[in-house]
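Chemist: Residue numbers (the working numbering), protein chains in the order written: chain A, 7 to 149; chain B, 3 to 337; chain C, 4 to 669; chain D, 337 to 663; chain E, 14 to 293.
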Amino acid sequence: MSENFEPNVVAFLCNWCSYAGADLAGTSRIEYPSNLNVIRVMCSGRVNPMFVVNALQQGADGVLVSGCHPGDCHYMEGNFLARRRVALMRELLNFVGVDERRFNMSWVSASEGAKWRDVVKGVVDNLHEVGAFTEFPRKKIDW
Amino acid sequence: MKLNKDKLADFLAAIPGKTIFGPQLCGETLKFTAITKAGDLCLTANNTNVPPKSVVFPQTETMLRFEQWATDIKTAEPAGEIVLFGIKPCDARAMLIVDNVFSWGVEDPYYLTRRTNSTLVGLACLDPCVNCFCTSMGGGPTSTDGLDLLLTDLGNSYLLEVLTGKGEVLCQAAGKLLCEASGADKDAAKLLQEKAAVQIRRQIDPSGVQARLPALWESPVWEKISASCLGCGICTYLCPTCHCFDMQDETEGVESRRCRTWDSCMFSEYTLHASGHNPRPTRRERTRNRINHKFSYFVDKFKVIACVGCGRCINHCPVNIDILDILSKVGEDVL
Amino acid sequence: MSSKPKIGVYICHCGINIAKTVDVEELTKYAVKLPNVRVASDYSYMCSEPGQLMIREDIRKNGLNRVVVASCSPRMHELTFRKALVEAGLNPYYLEIANIREHCSWVHKDKQEATAKAKKLLQAAVAKVRFLEPLQEKEVDVGAAALVIGGGIAGIQASLDIANAGFKIYLVEKTPSIGGRMSQLDKTFPTLDCSACILTPKMVDAASHPNITLLTYSQVESITGYVGNFQVKVRKKARYVDFNKCTGCGLCAEECLLADRVKSEFNMGIGNRSAIYLPFPQAVPAKYSIDPHSCLFLTRGKCGKAPKCVEACPAGAVDFEQKDEIVEFKTGTVIVATGFDVFDAARKPEYGYSDYDNVLTGLEMERLISSSGPTGGKLVLGKGDGEYVPKEIAFIKCVGSRDKSTGNEYCSRVCCMYTAKLAHLVKDKLPEANVRIYYMDVRAFGKGFEEFYDRVRREGVRYIRGNPSEIFKRNGKLVIMVEDTLTGKPLEDEVDMVVLGVGLEPRRDAREVIDLLRLSQSSDRFFLEAHPKLAPVDTAIEGVYLAGCAQGPKDIPDTVAQAKGAASSALVLLSSGKVKVQAQISWVNEPNCRGCGYCVEICPYTAIELVLVNLMGHQVNVARVNGVLCKGCGACVAGCLSGSVQQKSFMDSQILPQIAALGGKL
Amino acid sequence: MPDFDKLRALAKETISRDDIKYLIGWRQGTYGYRTSPHFVRIPEDADQLIFSPLCSSNLATYLALAEKRPVPRGSQPDTRKVAILVKGCDSRAVVQQLVEQGIKREAVYVIGCPCEGVVDLRKLEEKYPHTLDRVGARWENGNVSLDLPSGNAVFPREEIVAGKCLTCRYPNPVIADVTLGENVEVSGSTAFEDINRFEVKSAQERWTFWRDKFNSCIRCYACRNVCPMCYCAECILDKQNPAWIQRSVNISENTAFQLARAFHLAGRCIECGECERVCPVEIPLSYLNRKLVKEVTEQFAFTPGVDPEAKPLLVGYRPNDKGDFIL
Amino acid sequence: MNTHPYIPNFATVQDTWYETYGDRCIKTFKVGFDDEEVRDSWTHLPGQCAMIGVLGTGESMISISCSPTEGKFLRFSVMRAGKVTKALHELEAGDKMTVRGPYGNNFPIDEWKGKNIITIGGGIGQAPLRPVIEYVRAKKSEYGELTVVYGARTSADLCFKGEFGELARIENTCYHLSVDVKEEGWPHYVGFVPALLMEVNPSPENTIAITCGPPIMINFVLQNLKKLNFPDDQIYTTLENRMKCGIGKCGRCNAGNLYVCKDGPVFSYATLKNVPEAFA
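And the structure:
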């Protein structure tokens with residue numbers, strides 16, 4: 007794979023914990039790779055696993071869904087619902103040969119700016135290893 | 003003329019500047035795809051799962067390309083010359099039938115360019131499938147309708163019957179690869195062909211169908227037939243004469259394309275108005291339209307039945323909706 | 004009507020906070036070229052008044068109908084900019100913020116990288132804002148009344164607070180008298196106030212308060228509606244005594260054929276009452292009622308020649324014809340203060356609670372030792388001739404708490420202190436008695452607790468660390484088998500009496516309340532609060548609050564504090580008279596709904612229900628969102644198979660363009 | 337296996353009831369080994385009913401597929417019951433539809449048919465191609481006996497039944513108002529050996545495998561339409577606004593379509609294998625579904641379509657659900 | 014100038030206005046072709062349609078609601094319903110749409126010279142009738158009486174409201190409007206269009222009746238026209254069906270053996286009465 011491959015990650019963050027955690031990373035000036043772009047949703051429970059398939063189709067190399075730690079969900083249980091959905095979609099993607107490192111989930115609380123950095127770094131580093139996804143994205147195929 | 007089978011590869015290689023499509027096994031599916039070598043071909047099998055209409059009328063075809071906010075519209079590259087090698091006579095006949103649609107009134111440039119640029123090398127159907135009924139629909143396992151060249155498998159060689167100038171071009175390109183066919187070869191071929199015709203066991207007389215259909219418009223037979231229909235697109239997608247398509251704009255970033263894809267009159271969205279009204283609201287109306295379209299409307303317009311008897315819709319229907327069964331019911335109900 | 008999106012993009016420098024790392028000028032140039040963007044401007048501080056003015060003027064001047072601000076986090080200034088839109092006459096929800104500070108300029112160093120990322124974030128915001136729809140912020144009126152379920156100290160306190168603020172209260176209590184568990188206690192720890200002395204005035208206050216309608220011996224039958232508009236049905240059970248005629252003189256009880264023959268619930272079965280009774284002398288209301296389960300006339304249809312109580316009552320209040328009565332009313336909020344049950348000690352058979360009379364629970368001990376109790380406060384065991392004064396007394400703590408075998412992993416929080424208090428009371432009454440307490444840990448965490456614990460030990464109460472494994476009888480004495488875990492020595496302790504420090508459990512009838520209000524339970528089976536830290540009195544159901552031990556074990560001060568918290572939460576709604584409804588809520592595209600009810604199950608706020616609608620003459624189920632209950636999490640949207648449920652401002656048709664913008668490489 | 341007389345007698349009795357609208361069963365097909373769903377509306381229709389190892393169709397699909405024609409003003413909709421013959425797997429579909437409120441219990445009359453397995457027609461056609469004459473089949477001592485034009489042939493179960501039947505754990509209807517014949521022995525397991533074997537392949541191998549399969553997909557939607565669990569008024573995958581999946585047929589859209597289809601069946605698939613059976617281009621779709629069945633079984637100990645009172649899998653959670661993948 | 018049947022021409026929106034408001038509002042677009050050659054060579058007759066669209070969204074078949082006698086521009090009145098019409102509604106003056114056509118047949122208006130014409134329209138169904146009215150109006154001396162019958166659910170749902178007043182001032186021309194339910198200040202008929210038709214009571218003699226509107230209305234209008242003794246070949250209507258190509262290829266617009274896009278949209282009742290699917 008090309009030396010200068012830079013993965014493109016789409017992340018879905020819940021408003022109350024993870025988005026706030028990422029904000030904290032900002033206010034704390036914690037530096038991390040710029041390959042990840044955030045879509046804010048109110049709760050990780052809003053994330054339809056089909057978003058992940060769609061993101062990969064649209065050209066993302068990886069996807070991250072991040073929510074509150076268990077028990078911290080602003081809406082009580084949205085992150086638990088998300089966990090089940092994500093678990094199954096990950097297995098399914100993995101089964102058809104989509105490297106499971108392309109689809110990640112994390113718990114990041116509003117106080118975990120540093121953890122947010124670690125998560126982003128981890129996801130991006132992993133994707134450097136996994137490489138670009140050429141056969142699935144719409145634009146890459148004969149279109 | 004005759005072509006020894008060991009020369010097949012050379013014969014194909016000698017065809018100048020044309021992309022050769024032939025039946026090829028893709029996974030478990032037999033369909034017409036571009037081949038690079040003779041070995042890719044799968045000529046012994048029965049009808050391809052997907053009919054060769056997919057070559058001249060691809061399931062997805064880019065019609066126009068444009069960029070957002072630009073006023074510059076590009077059409078797709080014109081198709082090059084192609085050869086459909088090993089096409090079954092029924093599928094070739096189907097193309098003749100479909101030509102009617104794409105050339106009446108305004109001509110469809112995409113389809114017709116491909117058709118003009120295509121040479122159809124037929125392979126006589128010596129071992130018809132169980133549900134073939136081409137002989138009832140005006141064709142036959144060795145029909146030459148629409149073909150440029152017909153091959154008959156004699157075991158070690160193919161007997162070549164040149165039917166058009168396009169066929170002649172291929173033979174000339176092959177030059178010495180071909181040899182003259184003997185009388186015995188011709189007799190052998192004739193015998194095989196006759197045997198094949200006899201092998202076709204499913205038959206129906208379609209002559210009265212068109213006349214009978216209008217009276218059956220409100221007949222309960224349609225409800226009965228369609229009760230088990232799943233509303234899937236198998237019968238129409240795999241039909242060599244079905245030609246309906248949908249047009250959609252697809253956008254990727256600033257680039258857009260307008261493309262067409264096969265559509266099916268068995269889908270409920272097919273006729274669904276934006277208002278929510280659907281003139282064919284249930285499978286009953288849709289099934290009725292499919293049969294009427296093939297055996298009545300099309301005949302009205304183009305004087306030919308839009309069915310070649312390839313048997314694919316019968317072979318692949320998951321719930322055994324059998325077009326011959328329907329036709330015989332159409333007969334019964336009026337009689 | 005759909006108007007063409009005309010987007011204004013405003014890029015904030017945030018001084019140098021953004022501009023230092025993101026090439027703002029290039030970003031502005033880039034923005035203009037994005038689809039439907041009419042104007043793009045940058046400014047040093049978009050959130051400042053001149054910045055906002057710029058947006059407002061552009062909206063007016065250029066007919067903008069969508070605004071994207073690329074600035075700091077939406078968590079910071081979303082409201083600021085929404086206000087700016089409103090001031091310019093635009094719907095506030097036509098706004099999208101691209102977070103290019105916290106998520107970009109502050110976390111990336113390379114200017115080129117940061118600029119590239121800012122472009123993407125901006126592009127995604129523009130892609131989304133194009134599809135945003137105007138939303139209306141609605142308010143619903145809040146009925147100026149509250150329902151309080153449970154007449155214990157929590158319910159009484161909450162009722163009084165709300166009533167004092169001038170709102171109507173319906174206080175519903177299941178038993179014939181308010182007072183609850185606290186009224187059963189003798190003294191309260193650690194101050195040793197007389198429980199009744201501090202509680203009774205509050206009970207009387209509640210009963211006489213003009214704003215409080217006291218519904219004792221009543222049960223809530225159903226609650227429908229939502230915050231601000233709860234419709235409540237209460238069943239007032241027949242007392243068979245005319246409430247208005249009864250003077251509480253008690254002559255009836257004296258004459259009752261079953262006088263002193265029915266076990267008294269109040270006294271935990273240690274003392275007896277009659278079939279027509281007052282639960283305890285200070286009961287409020289001081290009105291008698293007939294226990295239909297024991298009354299001879301009601302159970303057998305016959306009581307001597309004629310029921311004695313009827314004859315005895317000078318006011319002619321006894322009325323066997325009385326029927327249950329249904330009372331209906333509306334309230335704006337509900338406070339659940341249904342309290343607790345004590346752990347059923349029979350579930351620890353090794354302690355012999357069911358077998359031996361001299362094994363008591365803490366609450367029984369409470370009654371036994373209380374001066375208003377069946378023994379008049381004399382600490383005696385046995386009856387008649389067998390009466391004796393115990394000398395060797397043991398307490399065992401953590402019975403039914405912190406104990407996986409009973410399914411109660413939690414600490415009940417009060418047992419440490421109430422055992423200490425009871426031990427003190429024993430020492431007070433029987434200074435010669437030898438008192439020891441078997442414990443695993445002592446948790447004296449509250450104000451004055453540690454001091455009290457210390458005092459009790461100084462009074463001679465022994466604390467032995469050990470978890471008794473068995474209690475059996477030998478030679479008329481109870482033998483406690485235990486290992487002293489500090490010395491590691493096994494002990495066989497012979498005593499006259501054992502008091503089990505039973506823990507607190509959710510009420511056995513908690514399920515009824517759950518069904519009534521669709522509340523959730525936490526893993527300990529107590530009612531679940533909306534947030535364990537930040538919303539400890541709220542529930543998932545807006546307008547429904549928790550007070551007291553219904554939410555988890557607590558002592559009296561904590562209960563009163565929570566009751567006051569619940570009351571103040573309720574008062575916020577009641578006094579404003581309105582409650583703002585979320586705008587970014589879910590809604591259902593009914594023609595496409597498959598009626599499977601997935602969303603109904605998913606919704607933690609029970610905001611969605613299935614309703615029958617007519618579809619071309621057929622009755623079909625479709626989901627319908629109650630816009631007042633919905634909190635806008637969107638979990639139902641992701642769970643809907645047909646895509647029929649959508650969340651406003653977070654619709655699939657709004658998020659997918661964002662994904663496309665971010666997924667596609669520039 | 338019930339004899340046809342008993343089946344037809346029961347069907348006649350059932351259809352004669354006032355509260356039954358129609359009965360769905362199977363009949364002999366128009367040729368070869370084919371069978372077809374059969375709608376019994378009058379007692380005479382029952383004479384064509386059969387139940388044999390060739391009756392693959394999961395008729396529960398038709399409960400959900402029933403088209404609702406407008407009820408003329410002034411008249412009442414026909415709310416009589418639909419009687420339906422179900423095999424074990426089909427009955428799970430009925431239960432799952434009950435769970436998802438697609439049908440009401442009082443709207444169906446379930447006739448259970450304990451099932452030893454159904455024949456995989458592809459296996460049979462390989463052995464005896466070009467069979468036009470109608471072929472009868474029945475179970476005989478655990479073997480499938482076929483009346484072929486060339487004479488009777490007997491095949492051991494393992495050799496001829498569909499893959500789903502070899503792993504079937506519910507050969508006996510889990511719900512039935514009346515049952516035809518005796519219950520059969522349960523032999524399937526939840527070992528998921530096939531899935532496990534595939535999982536150990538490399539990601540590249542797995543992708544290549546599925547890419548080739550998905551490339552063949554012509555998006556005829558037979559897999560979806562035949563599925564007894566797929567009955568949305570408008571499939572989310574057909575929607576154009578927003579378009580989750582574009583109409584064009586290529587590896588990207590096909591993969592996305594199949595992933596979505598499989599995911600939508602997570603915790604709902606009752607393993608009737610119909611999607612795979614009907615696929616005209618032979619994509620091993622039930623393999624994809626079985627992967628999720630495996631996860632649902634192993635991670636959440638959940639089995640859809642067995643308990644009408646159960647809550648669906650993806651509407652709830654357990655606090656201790658597996659979360660080891662979470663960063 | 015392109016001759017490719019699928020490549021649309023660009024046209025610039027010159028003016029837009031709303032005919033009706035609400036969820037399914039109707040917006041009228043006045044457009045002119047960008048390419049001069051296209052503008053000059055374009056001819057259409059009343060009844061014909063065009064495929065109009067927005068690049069990147071798609072195309073929709075819309076009847077041309079102006080008469081060629083009005084000038085070198087086109088008018089389309091579009092109801093907001095699906096994806097494409099929603100995108101069209103976003104267009105404003107100066108924006109571009111794409112136009113292919115003209116498609117379909119037309120009212121044989123030139124054959125009707127010397128005859129009386131009555132148009133019976135309902136709701137958006139007035140759009141294909143408007144060019145007939147305008148055409149006849151422009152050549153009034155060549156035609157007999159012109160009677161316009163038009164109704165909608167409410168007065169707010171009537172299209173081309175401003176244009177009827179003018180009609181009254183033309184010789185041998187009259188118009189009758191109706192709304193379904195009584196409204197304050199409504200000076201015209203209250204009731205359904207078929208009933209209004211009976212009130213107007215036109216004579217079939219030398220008269221062509223054209224009707225267009227919702228299917229249910231057409232059905233009753235046809236019945237009433239028969240009651241008024243209009244012969245089948247003096248009754249015309251237009252059909253609409255879902256279309257994709259507009260040129261008889263894509264297959265979906267057929268009503269029986271008729272392709273609405275090519276054989277229609279204009280049909281005489283003499284033709285349609287034999288097509289059972291026509292009024293589905």
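Glycine included, every Cβ here is placed at the ideal spot set by N, Cα and C.
Quick one: what's got a C-beta closer than 7 Å to L650 of chain D's C-beta in the same chain, skipping five residues either side?
Modeler: Once the five neighbours on either side are set aside, the close Cβ partners of L650 of chain D are A602, G603.
Chemist: Give a yes or no on whether the C-beta atoms belonging to F340 of chain D and Y358 of chain D are separated by under 7 Å.
Modeler: No. Outside cutoff.
Chemist: I'd like the span of the beta strand (DSSP E) that includes M74 of chain E, first residue to last.
Modeler: It spans 71-76 - the beta strand (DSSP E) in which M74 of chain E sits, taken as one unbroken run.
Chemist: Hey, which unbroken runs of the alpha helix (DSSP H) at 4 residues or more fall wholly within the region 346-418 of chain C?
Modeler: Runs of the alpha helix (DSSP H) inside the region 346-418 of chain C: 365-372.
Chemist: If the cut is a Cβ gap below 7 Å, which residues of chain B does G568 of chain C touch?
Modeler: What G568 of chain C touches in chain B: nothing, since even the nearest Cβ is about 52 Å away.
Chemist: Can you find the residues in the same chain that come closer than 6 Å, C-beta to C-beta, to G169 of chain B, ignoring five residues on each side of it along the sequence?
Modeler: Hits under 6 Å: D150, L151.
Chemist: Which residues, taken in chain order from the region 573-599 of chain D, show a beta carbon closer than 7 Å to some beta carbon of chain B?
Modeler: Flagged, chain order: D574, Q582, R583, S584, V585, N586.
Chemist: I'd like to know whether the C-beta of K404 of chain D is nearer than 7 Å to at least one C-beta of chain C.
Modeler: Answer yes: the Cβ-Cβ gap between K404 of chain D and chain C drops below 7 Å somewhere.
Chemist: My assumption, with CB atoms under 8 Å, is that L366 of chain C sits in contact with L382 of chain C. Please give the rounded CB distance.
Modeler: Not quite, the Cβ-Cβ distance comes to about 15 Å (not below 8 Å), so this is no contact.
Chemist: Have a look at C:P393, C:Y291, C:K266, C:M443 and flag the residue whose alpha-carbon is nearest the alpha-carbon of A315 of chain C.
Modeler: A315 of chain C has its Cα closest to that of C:Y291, out of C:P393, C:Y291, C:K266, C:M443.
Chemist: Does DSSP put N479 of chain D in a helix, a strand or coil?
Modeler: Of the three classes helix, strand and coil, the one that applies to N479 of chain D here is strand, per DSSP.
Chemist: With which residues is C261 of chain B paired in a DSSP beta bridge?
Modeler: For C261 of chain B, which the question treats as bridged, DSSP gives the partners B:T64, B:Q250.
Chemist: Check whether the Cβ atoms of N110 of chain A and L62 of chain A lie closer than 7 Å to each other.
Modeler: Not in contact: N110 of chain A and L62 of chain A (Cβ atoms no closer than 7 Å).
Chemist: Since L502 of chain D and E494 of chain D should fall inside the 8 Å C-beta cutoff, what is the C-beta to C-beta distance between them, to a whole number of angstroms?
Modeler: Contact flag correct, Cβ pair sits at about 7 Å.
Chemist: How would you list, in chain order, the residues of chain B whose beta-carbon sits under 7 Å from the beta-carbon of C724 of chain D?
Modeler: Only positions 337 to 663 of chain D appear in the structure, and residue 724 of chain D is not among them; the question remains open.
Chemist: Helix, strand or coil for L337 of chain B per DSSP?
Modeler: Note on L337 of chain B: pLDDT 39, under 50, position unreliable in the model; the coordinate value appears next. In the structure shown, L337 of chain B sits in coil (DSSP, three-state: anything other than H, G, I, E or B).
Chemist: Please compile the residues from chain G whose C-beta is within a distance smaller than 8 Å of the C-beta of E604 of chain C.
Modeler: Chain labels in this structure do not include chain G; the protein chains are A, B, C, D and E.
Chemist: Within the region 141-183 of chain E, note down every full beta strand (DSSP E) run reaching 3 residues or more, in order along the chain.
Modeler: Listed in chain order, the complete beta strand (DSSP E) runs (minimum 3 residues) inside the region 141-183 of chain E are 159-165.
Chemist: Just the Cα atoms here: how many angstroms apart are A349 of chain C and S408 of chain C?
Modeler: Spanning the two alpha carbons is a distance of roughly 13 Å.
Chemist: Can you tell me which of the three DSSP states F343 of chain C falls into?
Modeler: Of the three classes helix, strand and coil, the one that applies to F343 of chain C here is strand, per DSSP.
Chemist: Leaving out five residues on either side along the sequence, give the residues of the same chain with a beta carbon under 7 Å from the beta carbon of N41 of chain A.
Modeler: Counting only Cβ-Cβ distances below 7 Å, and skipping sequence neighbours, we find E12, P13, N14, V15, V130.
Chemist: Between the alpha carbons of P283 of chain B and S78 of chain E, how many angstroms are there, rounded?
Modeler: Taking the straight line from one Cα to the other gives about 29 Å.
Chemist: Within 10 angstroms of the Cβ of I307 of chain B, are there 16 or more other Cβ atoms? Answer buried if so, exposed if not.
Modeler: Counting Cβ neighbours within 10 Å, I307 of chain B comes out buried, since at least 16 surround it.
Chemist: Go ahead and label N577 of chain D buried or exposed: buried means 16 or more other beta carbons lie within 10 angstroms of its beta carbon, across all protein chains shown.
Modeler: Its Cβ having fewer than 16 others within 10 Å, N577 of chain D is exposed.
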